Amino acid sequence: MIIQAEALCFAYPNFALHNINFALHASELLAITGANGSGKTTLGKLLCGLLKPESGRVLLCGEDSTGWRLGQFGQRVGYLFQEPGQQIFAPTVLEELTFTQELRGVPQAQSHARAHELLARFELTHLAEQSTLTLSRGEQQRLALCGLLLNQPAALILDEPTTGLDPRRCDILAQALQECLRGGTAVLLISHDAAFVQANATRQLRMNSGVLHET
0 MIIQAEALCF AYPNFALHNI NFALHASELL AITGANGSGK TTLGKLLCGL LKPESGRVLL
60 CGEDSTGWRL GQFGQRVGYL FQEPGQQIFA PTVLEELTFT QELRGVPQAQ SHARAHELLA
120 RFELTHLAEQ STLTLSRGEQ QRLALCGLLL NQPAALILDE PTTGLDPRRC DILAQALQEC
180 LRGGTAVLLI SHDAAFVQAN ATRQLRMNSG VLHET
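Heads up, the sequence shown is in numbering that gives the first Met the number 0, so the first residue is 0 and it goes up one at a time.
Quick look at the structure:
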């Protein structure tokens, strides 16, 4: 399995997650649904290391992540924020996709070729040299998705990935996710988009007041 949550608990002053247990396997797209404020985003952040559980643990690719640094989570899990502008930092669209690759020692020709492939898939090629500050929310969403796919993590956690996407671009996203699944990537989809979930999820769970239920 790629992600396993064991007895996870986490509390804010007025809200808590209670004893969360589930597993996410390679080539599985697991959707977590539920009302606003039910704990879906909090769970996603616990699984990718942005929050630390008060008790319980997260196993990633069979390893106990307790005590890991955020960078260690990032090597295995790609997380799409509900507000994608929070994870875009480079001055231009192309640089957003290439700078981390080149920091890792990927040759420039290789990083640029893969970046342009993803920009074409998500219909962003015409924006390659544009400032990231000028992007619409939907464009930010698509660029952030490109960045996650470029790094090819073992698991993707996507928080409301269809927000700001029109139906055709939702289809492009679905095709990209199906390709990831065929390659063995595990996908955790946090979404209110019932139609997208129904069309793409392998399995569904529902969050209700901090408790995870089978649907």
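Cβ coordinates follow ideal geometry from the N, Cα and C atoms, glycine included.
Just so it is clear, the structure is predicted and the values come from calculations on it, not from any experiment.
- Taking 7 Å as the cut-off, the Cβ atoms of Leu46 and Val57 count as close.
- For Leu96, the closest alpha carbon among the candidates Arg68, Gly104, Gln81 and Ala127 is that of Ala127.
- Closest by C-alpha distance to Tyr78, out of Gly55, Ile189 and Ser130, is Ile189.
- Under the 10 Å beta carbon count, Thr161 is surrounded by 16 or more other beta carbons and is classified as buried.
- Rounded to whole angstroms, the gap between the alpha carbons of Phe80 and Leu164 is 15 Å.
- The beta-bridge partner set that DSSP reports for Gln3 consists of Ala22 and Leu58.
- In the same chain as Asn199, and ignoring 5 residues on each side of it, the C-beta atoms closer than 7 Å to its own belong to Leu28, Ala173 and Leu176, in chain order.
- Collapsing the DSSP output to three states places Leu126 in a helix.
- Remark: C-beta atoms of Val186 and Leu155 approach each other more closely than 7 Å.
- A residue is called buried when at least 16 other Cβ atoms come within 10 angstroms of its Cβ; Thr40 meets this threshold and is buried.
- Counting only runs of 4 or more residues that sit fully inside the stretch 59-115, the alpha helix (DSSP H) segments are 69-73 and 92-102, in chain order.
- In this chain, the alpha helix (DSSP H) harbouring Ala143 covers Arg136 to Asn150.
- Rounded to whole angstroms, the gap between the alpha carbons of Arg202 and His212 is 12 Å.
- By DSSP's assignment, Thr32 forms a beta bridge with Arg205.
- Beta-bridge annotation (DSSP): Phe121 is not paired with any residue.
- In this model, Asp158 and Gln139 are separated by some 14 Å (Cα to Cα).
- If you check the CB distance, Ala22 and Gly183 do not come in under 7 Å.
- In the three-state scheme derived from DSSP, where H, G and I count as helix and E and B as strand, Cys179 is classed as helix.
- If the five residues before and after Gly33 are omitted, its C-beta is found closer than 7 Å to the C-beta atoms of Lys39, Arg205, Met206 and Asn207, all from its own chain and listed in chain order.
- The beta carbon of Cys179 is closer than 8 Å to those of Leu148, Leu155 and Val186 in its chain, skipping five residues each way along the sequence.
- DSSP places Leu155 in the uninterrupted beta strand (DSSP E) bounded by Ala154 to Asp158.
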